[in-house]
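K.L.:
My structure is below; once you've seen it, I'll send some questions.
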Amino acid sequence: MRGNDYWMSLFRLIVYDPDSCHHRITGVGQKAADLGGRLSWGQYAVAQEINRAIIGTCETSSAGPDKTIIAVRPARWSPGDQPKMNWRTLAMAVHMRCWKLARHILGPGLETEYLQPAVALLLIQARARSPGKRMEDEYNRADEEPLKIVKMKDLIEGYGRGKRGEDTDTSLDDEPLQVFKTKSLIQASDPAKASPEPSSTLSLLPYDIRCEILGYLDHQAVSRLLEAVEYPLEDSYWRSRAAFYLLGMDDIIHKQKEVDWRGLCLAAEGLDAATDVFRIRHRVVDTLMHVKAQLRRVRKGDISISLPGVFDQVQDEMLIEYRDNNWANILGGGGEVTSDIEYLLDVGVEDPDPTWT
4 MRGNDYWMSL FRLIVYDPDS CHHRITGVGQ KAADLGGRLS WGQYAVAQEI NRAIIGTCET
64 SSAGPDKTII AVRPARWSPG DQPKMNWRTL AMAVHMRCWK LARHILGPGL ETEYLQPAVA
124 LLLIQARARS PGKRMEDEYN RADEEPLKIV KMKDLIEGYG RGKRGEDTDT SLDDEPLQVF
184 KTKSLIQASD PAKASPEPSS TLSLLPYDIR CEILGYLDHQ AVSRLLEAVE YPLEDSYWRS
244 RAAFYLLGMD DIIHKQKEVD WRGLCLAAEG LDAATDVFRI RHRVVDTLMH VKAQLRRVRK
304 GDISISLPGV FDQVQDEMLI EYRDNNWANI LGGGGEVTSD IEYLLDVGVE DPDPTWT
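The sequence shown begins at 4 in this note's numbering and counts up by one.
Right, dumping it as structure tokens:
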């Protein structure tokens, strides 16, 4: 049976292709250490093709037409080795779900047009995090994955009204919406409730300015404001405000016949404030947004970056750390260059079986 942390074992690899002299993204594989398979320490078995996956124990360490065996750590390495081992040929593992988020934020050209500079920027970001912080994040990591968050799915279904393609039950006992409508009629007949809410001078401002102002208020302040004054807002505002929470939820939203976007948005913000279920997503998205800004400058020609150059820099830094007797803390322990990418994004890419099971 899959546990809550099953997603942590699923990866894609960013590997060096000697034929093209560039890196590419592989299909999905499962971390051998989590399966007790026969692969050597520091090896991954992944699908060769980007749209395929190898899930389960890999019983052989040999590659084949559908899979490739990749080393993500040096098999033997000493700072005194001459010539220096070329770490550019080592693979970088990225949790499966994180790559999906990366594609959402960095765009579909990530895997073809600008993979090299994007990976270089991610590696720089990873190295900027202190080893102690990386280990703390690993120790405190939540079970909730960063993409398909079950509690967010439950919220969407809770604030959805009916399902697409299904007839709506009109009985009062089975349809909460009918109870809501009846309650509204009773309140409307009450003279004390008949007068409209006082209007706000803010409502005289242009709509985009109003939305900008509301963006500075948290869910509690917004709720109090809307209870106190008449402040009409379109569903598009709430959907835009909730964009962070809706990442990866398109399939669930599409199933809803109608959604209370205001209620869903404020409930999601409340869930975020009260729990840690979005903690990993916040860290991943914040990192990717920073990389996106830098990547835009790279593509405009304002700055220049080279993935081989970044690899050389990382390797040289690790040699210095080794000489300083700090090997145990290099890259969060274990000495794998890929850990910088793993700990940076802390999870996945695209699930080969995108279901909620």
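Note that CB positions come from ideal geometry on N, CA and C, so glycine has one too.
Taking the alpha carbon of Thr278 as the point to measure from, which residue in Phe14, Gly112, Lys154 has its own alpha carbon closest?
P.N.:
It is Lys154.
K.L.:
For Gly30 and Leu150, which I take to be in contact (beta-carbon distance under 8 Å), what is that distance rounded to the nearest angstrom?
P.N.:
Contact doesn't hold; Cβ gap of about 18 Å is too wide.
K.L.:
Quick check: what's the CA-CA separation for Val262 versus Pro120?
P.N.:
Distance between the alpha carbons of Val262 and Pro120 is about 39 Å.
K.L.:
Between Glu3 and Arg91, is the Cβ-Cβ spacing less than 8 Å?
P.N.:
Past the edges of the chain, shown from 4 to 360, lies residue 3, and the structure says nothing about it.
K.L.:
Does the contact criterion of 3 or more C-beta pairs under 8 Å hold for the segment 266-274 versus the segment 283-297?
P.N.:
Too few Cβ pairs lie closer than 8 Å, so no.
K.L.:
If we ignore side chains and look at the alpha-carbon of each, how far apart do Leu126 and Leu228 end up?
P.N.:
Near 43 Å, if we compare the C-alpha coordinates of Leu228 and Leu126.
K.L.:
Answer yes or no: do Tyr240 and Cys214 have a C-beta to C-beta separation smaller than 8 Å?
P.N.:
Yes, they are a contact pair.
K.L.:
Assign Tyr9 to one of three DSSP states: helix, strand, or coil.
P.N.:
In this structure, Tyr9 counts as helix in the three-state DSSP scheme.
K.L.:
Just grab the DSSP bridge partners of Arg27 for me.
P.N.:
BP columns for Arg27 point to Val18.
K.L.:
Which residues share a DSSP beta bridge with Met95?
P.N.:
Bridge partners of Met95: Ile17.
K.L.:
From the DSSP output, read off the bridge partner residues of Gly32.
P.N.:
Answer is Phe14, Val49, bridged to Gly32.
K.L.:
Note the first and the last residue of the continuous alpha helix (DSSP H) segment covering Ser239.
P.N.:
238-244 is the extent of the alpha helix (DSSP H) around Ser239.
K.L.:
Taking 8 Å as the threshold (C-beta atoms), are Ile108 and Leu291 in contact?
P.N.:
Contact flag set, yes.
K.L.:
Give the C-beta separation of Leu16 and Ala94 to the nearest angstrom, bearing in mind that I take them to be a contact with Cβ-Cβ under 8 Å.
P.N.:
Right, the Cβ-Cβ distance comes to about 4 Å (below 8 Å), so this counts as a contact.
K.L.:
For Leu249, count neighbouring Cβ atoms within 10 angstroms of its own Cβ and tell me buried if that reaches 16, exposed if not.
P.N.:
Classification of Leu249: buried, given that the 10 Å Cβ count is 16 or more.
K.L.:
Using beta-carbon positions only, say whether Ser307 and Leu269 come within less than 8 Å of one another.
P.N.:
No, these two residues do not count as a Cβ contact at 8 Å.
K.L.:
Given Asp289, which residues of its chain have a CB within under 6 Å of its CB, disregarding the five upstream and five downstream residues?
P.N.:
Taken in chain order, the list of residues that qualify is empty.
K.L.:
On the DSSP bridge list, what partners appear for Ala56?
P.N.:
Ala56 is bridged to Val31.
K.L.:
Would you mind working out which of Leu236, Ile58, Ile28, Leu118 sits nearest Met11, comparing C-alpha positions?
P.N.:
Nearest option by C-alpha distance: Ile58.
K.L.:
Starting from the C-beta of Arg265, find all residues in its chain whose C-beta is less than 6 Å away, skip the five residues before and the five after it, and write them out in chain order.
P.N.:
Closer than 6 Å at the Cβ level, and outside the excluded window around Arg265, lie Trp241.
K.L.:
DSSP three-state call for Ser187: helix, strand or coil?
P.N.:
Low local confidence applies: a pLDDT of 42 at Ser187 is under 50, so the model's placement there is unreliable, with the coordinate-based value given in what follows. Looking at Ser187 - three-state DSSP - the assignment turns out to be helix.
K.L.:
Taking the straight line between their C-alpha atoms, what separation do you get for Asp238 and Arg244?
P.N.:
Rounded to whole angstroms, Asp238 to Arg244 spans 10 Å at the Cα level.
K.L.:
Would a C-beta distance cut-off of 8 Å place Leu124 and Val294 closer than the cut-off?
P.N.:
Yes, the pair counts as a contact, with Cβ atoms nearer than the cut-off.
K.L.:
Is it buried or exposed, Gln223, if we count other Cβ atoms within 10 angstroms and call 16 or more buried?
P.N.:
Label assigned to Gln223: exposed.
K.L.:
Determine whether the beta carbon atoms of Lys267 and Leu104 lie at a separation below 8 Å.
P.N.:
Looking at the sequence provided, one finds Leu at residue 267 rather than Lys. Not in contact: Leu267 and Leu104 (Cβ atoms no closer than 8 Å).
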